[in-house]
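If you count by my numbering, then the sequence shown holds residues 33 to 511, one letter each, in order. Just so you know, even glycine gets a beta-carbon here, dropped at the ideal spot from N, CA and C. Below is one structure, written out as structure tokens; comments come after it.
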Amino acid sequence: MQADIAIITIRDDEFGAVFDRLTQYPLKRLRGLSSKRTYAIFSVQTSTDNICTVALARCPEQGNGVSQQVAFDMMRDLDPQLLLVVGIAGGVPHNEFTLGDVVISSRIHNFTVSAINQSKITFDVTGGIHPLVSEIVASLPMYRSELAGWNEHDCIHMARPAMDLSWVADNVYGETEWRDDVLKSFNSHFGEAANHDRLPLFKTGSIASSNMLMKNTEIPTTWRESARSILAIEMEAAGALQAAQQMGKQYPVMAIRGISDIIGLKRDERWTSYACQSAGAFTCAFINAGIIEPRDSSAPTAHGSTQQQGANAPAATSAQGSNKSAPLDVFISYSAKDEKFKDELETHLAMLKRNEIICPHYSESTSQPVGAAGQEWKKEVGSLIERSQIILLLISPSFLASDYHYEEMQRAMKRHESGTARVIPIIIRSANISNTPFKDLLALPRNLQPIDTWNNRDAIWAKIAEEIQDVCKSLGGGK
């Protein structure tokens, strides 16, 4: 079967906050065909009178490695339209939200890769967001009437804990500036009697994810130098996001996190319970609002049998007068210095071309023409990029150093972000891709070992050709 929304929780209280609210709807347990993992499946009647299929699972342990495996299994077993990571998180001191409020991810920053030097720790930040999630986050204010009531006391299932500001002053920690920010934030949110019993609110913003339980103010300070808009820090969303970056399809991942503690202040377990409940309440209100439209009941239900449209995957165009799809246009962007790699790739794509699954294209010029010829050349290349469903970038230092290949890459990424093409970087020679527009894409080879370092190049090219064939299948090529 397929799920409209898949939910990952971690702690038992996080799971219970969602499960208990969904038990008002029909429930069945399902064993995944591929993973053999057990899911709770709910048929939720939304405010739009549609039935939304919701799958709920719990990670056996904390951390991005475990969440990555659970997310991968859910995507393989259930092919969800949207995956939610629901639970608690630590917040940064802020004047717009505090303990018990809910943060919804507009972006997920992955800080799991780090280097420990003699004097400090440095981090390599990756991450991103799916266009569908960007649309959801941007449009949430339009659903205030549908979401109304999610934060009422009878929906949260517990009273908001009291906050003693003298206790706050005695239990702050960290660097002086951070401590001051914590005190200012709590005075803002709890200093006036009218705020003591206010209802929780939701706020959208960036979430940082690592494998560290954060009780240190120096590391978040370092992170915010490269990602200034971070609102909350947790330990699972990056793993789910990494699992979502599959060659055949990229799944939307969104985190919904109740703020259980503010980094720089000793944790109060009362707020942990409250934050679990506020996250669970918002999640169920989000589902009930009908923001994710259930799949058409007339569509095929076998996993992998539906063709994704729009933002998730462009469909192949049917051939004139035939039930077989037309070949998918594939544009290969490469530097003239790497032409031998392009030739090797074409050799391994020959069967896909012969079977009319793909039709490869590339610029014949070894350097950019100038003048009128140059304008015509750019127009031709632009047309090829605009009509191709798959765009292969052969990455090398020469490719990255070229201004006109950079223009090709930018145009390709615009199409990828709009969901009208799939961009696949292929690392052929060693190059630093950490600051490139495609740094968050799943590149080939999957271990990122450059092609020119392999002893058996035919073997790795054959594997890459298989990966490209899988993408073609997901786009409907060769049917």
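Starting from residue i, trace the beta strand (DSSP E) both ways and give me its first and last residue.
i	result
glycine 290	285-294
alanine 180	Run containing alanine 180: none; DSSP gives neither H nor E here.
serine 420	Premise fails: serine 420 is in no beta strand (DSSP E) and is neither H nor E.
valine 76	70-77
isoleucine 60	Sequence check: residue 60 is lysine here, not isoleucine. 59-63 is the extent of the beta strand (DSSP E) around lysine 60.
Looking at C-alpha atoms only, which residue of the options is the closest neighbour of residue i?
i	options	result
asparagine 479	Val118, Ile496, Thr468 and Asn467	Ile496
phenylalanine 113	Glu250, Lys385, Arg419 and Ile37	Per the sequence shown, the amino acid found at residue 113 is glutamine instead of phenylalanine. Glutamine 113 has its Cα closest to that of Ile37, out of Glu250, Lys385, Arg419 and Ile37.
alanine 475	Leu425, Gln442, Pro429 and Asn467	Leu425
threonine 41	His162, Gln94, Phe318 and Gln34	Gln94
asparagine 203	Val362, Asp293 and Tyr366	Asp293
alanine 240	Arg299, Gly160 and Arg211	Gly160
asparagine 227	Arg192, Val214 and Lys235	Arg192
arginine 108	Ser67, Met279, Ile83 and Ile323	Ser67
tyrosine 71	Glu371, Ala270, Asp81 and Leu88	Leu88
glycine 123	Thr236, Gln481 and Ala276	Thr236
So what does DSSP say about residue i, is it helix, strand or coil?
i	result
lysine 235	strand
isoleucine 40	strand
glutamate 266	strand
cysteine 91	coil
alanine 334	Low confidence applies here, because alanine 334 scores a pLDDT of 35, under 50, leaving its location unreliable and the question unanswered by this model.
isoleucine 459	strand
glutamine 386	This sequence places arginine at residue 386; glutamine is not what is there. The answer is helix: DSSP assigns arginine 386 an H, G or I state.
asparagine 344	Low confidence applies to asparagine 344: its pLDDT is 40, below 50, so where it sits in the model is not reliable enough to give any reading.
alanine 404	In this predicted model, alanine 404 has a pLDDT of only 48, less than 50, meaning its place in the structure is not dependable enough to derive any value.
threonine 80	coil
glycine 414	helix
glutamine 34	coil
alanine 123	The identity of residue 123 in the sequence shown is glycine, whereas the question assumes alanine. Residue state, collapsed to three classes: strand.
alanine 170	helix
proline 469	coil
glycine 271	helix
glycine 353	Because the pLDDT at glycine 353 is just 42, under 50, the model does not fix this residue reliably, and the value given afterwards should be weighed accordingly. If DSSP states are grouped into helix, strand and coil, glycine 353 belongs with coil.
glycine 312	helix
leucine 30	Here the chain comprises residues numbered 33 to 511, so residue 30 is not present and cannot be evaluated.
glutamine 339	With a pLDDT of 34 at glutamine 339, under the threshold of 50, the modelled position of that residue is not reliable, and no figure is offered here.
leucine 377	helix
leucine 164	helix
isoleucine 483	helix
leucine 432	helix
threonine 85	strand
isoleucine 136	strand
asparagine 464	coil
isoleucine 188	helix
phenylalanine 318	helix
lysine 446	helix
aspartate 370	helix
alanine 194	coil
Could you give the residue range of the alpha helix (DSSP H) that holds residue i?
i	result
phenylalanine 51	44-54
proline 252	250-258
valine 98	96-110
tyrosine 394	Looking at the DSSP string, tyrosine 394 is not in any alpha helix (DSSP H), and its letter there is neither H nor E.
asparagine 219	208-222
serine 198	197-202
isoleucine 500	489-506
Quickly, what does DSSP pair residue i with across the bridge? List them, please.
i	result
alanine 240	His141 and Ile265
serine 365	Leu425
glycine 280	Answer is none; glycine 280 lacks a bridge partner.
valine 118	Ile288
arginine 454	Ile422
leucine 297	Val204
leucine 476	Ile458
What I want to know is whether the C-beta of residue i ends up closer than 7 Å to one or more non-hydrogen atoms of the ligand SAM.
i	result
methionine 445	Only the bare structure without any ligand can be found here, which leaves the ligand SAM out of the picture.
Exercise. Pairing CB atoms from the stretch 442-452 with CB atoms from the stretch 381-396, are three or more of them under 8 Å?
Worked result: no
Exercise. Is it a yes or a no for the stretch 307-317 touching the stretch 97-115, going by three-plus beta-carbon pairs under 8 Å?
Worked result: no
Problem set entry | At least three beta-carbon pairs within less than 8 Å, the stretch 238-251 to the stretch 465-478 | no
Problem set entry | Stretch pair the stretch 278-289 + the stretch 116-123: three plus CB contacts closer than 8 Å | Three or more Cβ pairs closer than 8 Å define a contact, and the stretch 278-289 meets that threshold against the stretch 116-123.
For this session: Take every Cβ of the stretch 377-391, pair it with every Cβ of the stretch 429-447, and state whether three or more of those distances are shorter than 8 Å.
Result: No: fewer than three Cβ pairs fall under 8 Å.
Exercise. Are the stretch 193-208 and the stretch 216-227 touching, with three or more C-beta to C-beta distances below 8 Å?
Worked result: The stretch 193-208 is in contact with the stretch 216-227.
Exercise. Is the stretch 135-145 touching the stretch 58-65 in the sense that three or more CB pairs, one from each, lie closer than 8 Å?
Worked result: no
For this session: Kindly confirm or deny that the stretch 314-323 and the stretch 175-189 touch, where touching means at least three C-beta pairs closer than 8 Å.
Result: yes
Exercise. Do the stretch 52-59 and the stretch 122-132 make contact, defined as three or more Cβ pairs closer than 8 Å?
Worked result: Because the criterion of three Cβ pairs below 8 Å is not met, the stretch 52-59 and the stretch 122-132 do not touch.
Problem set entry | contact_flag[the stretch 357-370, the stretch 421-438] where n(CB pairs < 8 Å) is 3 or more | yes
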